[in-house]
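Engineer: Before we start, here is the structure in question, set down as structure tokens.
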Amino acid sequence: MSRNTAEPGVEISVDRAKDTSVPHSPVKIIVVHAVFILAVLGAGSLLATSNLPGNWYQGLQKPWFTPPNGAFGPVWTGLYILIGWVGARKVLYGGERLLWLVQMGLNLLWSPVFFGSQAPVAGLVVVCGMLVTILVFIVREWRGDRLSALLFLPYAVWVSIASALNAAIVVLN
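First residue of the sequence shown? That's 40 in my numbering, and the numbers climb one at a time after it.
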């Protein structure tokens, strides 16, 4: 599948095997986006609330650049909306679906590994894998789906900070 534009703002899915263009209905586009955003938000929220930092995390030495605790919820909520939006675009228009799935799997794995298992070293492996996957996704989508690549830029910045924070926690503890 690749993307094509019939007119500005109207995207068409192109099935290369049949070489035909089939526009998606506005209802389908809205439903797919809503399902992806709600699924990503729901999964992220479920894992966050079932793997709370707790006393173990509070007792760790943290670097000076640790964001305030109150920043994590709002930032991840915004990022999960963007991640869900991009996931919907991959289903509707094609592109790097596998990379999207891999980064999502790593994203959902990090909290249970870092907080649930109280394993900062394993968490660092997961978050670094996630960051690499996000960056590769951005590079590969830059020409084919610039919007998806751009929507992943804030995610890449935040996961870079999370990677540095995780690495600092490993070093300091």
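Where a beta carbon is used, it is the ideal one built from N, C-alpha and C, also for glycine.
By the DSSP assignment, the alpha helix (DSSP H) with N108 in it spans what residues?
Structural biologist: Run containing N108: N108 to Y132, per the alpha helix (DSSP H) assignment.
Engineer: Might you give, ordered along the chain, the residues of its own chain that have their beta carbon closer than 6 Å to the beta carbon of Q100, omitting 5 neighbours on each side?
Structural biologist: L211 and N212.
Engineer: Helix, strand or coil: how does DSSP classify P65 here?
Structural biologist: Here P65 sits in helix by DSSP.
Engineer: How far does the alpha helix (DSSP H) with L145 in it extend, from its first residue to its last?
Structural biologist: Its alpha helix (DSSP H) spans residues R136 to S150.
Engineer: Which same chain residues, not among the five before or five after V198, have their C-beta less than 7 Å away from its C-beta?
Structural biologist: Here the set comprises V166, M169, L170 and I173.
Engineer: Am I right that Y194 and I122 are in contact with their C-beta atoms under 8 Å? What's the rounded C-beta distance?
Structural biologist: With 8 Å as the limit, Y194 and I122 qualify as a contact, their Cβ atoms being about 6 Å apart.
Engineer: When the Cβ atoms of the segment 149-156 are set against those of the segment 79-98, are three or more pairs found closer than 8 Å?
Structural biologist: Touching, per the Cβ criterion.
Engineer: Please return the same chain residues whose Cβ sits closer than 7 Å to the Cβ of V160, not counting the five positions on each side in sequence.
Structural biologist: Closer than 7 Å at Cβ, skipping near neighbours: V209.
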